[in-house]
Each structure stands twice: as structure tokens, then as C-alpha cells.
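Quick note, the sequence shown lines up with residues 67 to 248 if you use our numbering. Backbone N, C-alpha and C fix where the C-beta goes; we use that ideal spot for every residue, glycine too. One structure is given here, and the rest of the page talks about it.
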Amino acid sequence: MTPALFRKLVKWFGIVALAHVAGMFLFDMMLAGYIMSLVKYEFYTEAYLTWSVFGIILYAVIFFIESKIEFSFNDFRRDLRMAMKDESFTVIGYYKENFLKQNLWETGIFAAFQLPIVFMCAVWPLAAMSATFYFTDLGWILLTGMNMPLLGWIVGTVLAGAVRIGETLLCLLLAKRNVEKD
């Protein structure tokens, strides 16, 4: 692991923590009443699915903003412009060469960040429901069942990783289009 990748991963850890803090406040302001009314009337699947989709959408927005900011820097645009001069340039190839390893590490950090709530769900299911910091992750665990928190953790991690890879590719395509315009 290079020092530059390490710095990016430390920054990523902070972004994931920020996403969880934002999720905690946004969930409380926007969805808590709706989710509780669904649970009150025993629409558990709809409640947990809404909860889960909220988490994925929140992650997608925050990750997209982070990538858009990172891809707007002049150093990145210069490197992309130089790579585009090569006749064999493809966005997928450029992504694999420059971002795939980073995105996989980021998904691993995201997965590790969720381990405390997975452990809490396995050991103390009722106490886990009060862990507001992890509200954005708890939806998938509840959807797959509190007795199987590992499955919810895997589903949530895979979906968040797919969102991260997808939005990185989207931002890369947008950056390529902007470089072509210049």
C-alpha cells in the first residue's frame, strides 16, 4: 500500500463516519416517524426495506459528492487528459488501473466500520436497535433478520461497494466528458 493510498483510505474512513453521523440525523428528522408507524401496524418488511433503501441512497449521495470533488482537481484532470491521448484509452481500463484497488479497499473499510453493529445484533439484539450511529446500516440487518446479522452485513456491504464502484465510474465518465470539452 502506497502512502498516497493510505492517506485516501484515512480520508475515506472519515467520510464513512460523516455519512453515519448524517444518516443518524437525517433518519431521525425524515424517516423515524414513518418507520415507527409502519412497525406499529406490523408492516415490518416495508419498514425495513424503506430503512435499507434510505441508507443506500444516503451513501450514494455522499460518495458521489466526494468523488465529484476529487475528480474536479486539476491534478486529476491533467492525468486524465494525458491518459486520453493514448489510442487504447478506455474509461473501464483507466478505472481498473487507477481506482479499482482503491474502491475495493474502501469497501473493506466500509465493511469493517459496520462490524460493531453486527456484533451487537448477534449478542444483544435489543440493544442494537438503540445504536443510532449505525441506523443507516441496521436496515439490511433487520431486513434479513436479527438472528442472521451476518447476512444483512454482507448484503449491505456488497450494495454499498457496488454503489461506490458505480458512482466512481459515473464521475469518471463525467470528468472525461468535461476534459473533452476543454
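Residues of its chain near residue i, where Cβ-Cβ distance is below 7 Å and the 5 sequence neighbours each way are ignored
{"i": "residue 90", "result": "198, 199 and 201"}
{"i": "residue 209", "result": "114, 115, 118 and 218"}
{"i": "residue 133", "result": "233, 234 and 237"}
{"i": "residue 221", "result": "206 and 210"}
Closest Cα partner of residue i within the set the options
{"i": "residue 219", "options": "206, 137, 230 and 227", "result": "206"}
{"i": "residue 68", "options": "244, 164, 81 and 148", "result": "164"}
{"i": "residue 160", "options": "247, 239 and 78", "result": "239"}
{"i": "residue 245", "options": "221, 172 and 157", "result": "157"}
{"i": "residue 84", "options": "108, 124, 155 and 171", "result": "124"}
{"i": "residue 227", "options": "80, 185 and 171", "result": "171"}
{"i": "residue 72", "options": "229, 180 and 168", "result": "168"}
{"i": "residue 162", "options": "231, 82 and 92", "result": "231"}
{"i": "residue 80", "options": "141, 242 and 179", "result": "179"}
Opening and closing residue of the alpha helix (DSSP H) in which residue i lies
{"i": "residue 176", "result": "166-179"}
{"i": "residue 154", "result": "Note, residue 154: premise wrong, no alpha helix (DSSP H); not H, not E."}
{"i": "residue 84", "result": "69-92"}
Beta carbon of residue i nearer than 9 Å to that of residue j
{"i": "residue 111", "j": "residue 100", "result": "no"}
{"i": "residue 135", "j": "residue 88", "result": "no"}
{"i": "residue 120", "j": "residue 146", "result": "no"}
{"i": "residue 177", "j": "residue 223", "result": "yes"}
{"i": "residue 86", "j": "residue 203", "result": "yes"}
{"i": "residue 70", "j": "residue 137", "result": "no"}
Same chain only: Cβ atoms within 6 Å of residue i, ignoring 5 sequence neighbours per side
{"i": "residue 184", "result": "215 and 219"}
Sequence-distant residues of its chain with Cβ nearer than 8 Å to residue i (five each side left out)
{"i": "residue 225", "result": "122 and 206"}
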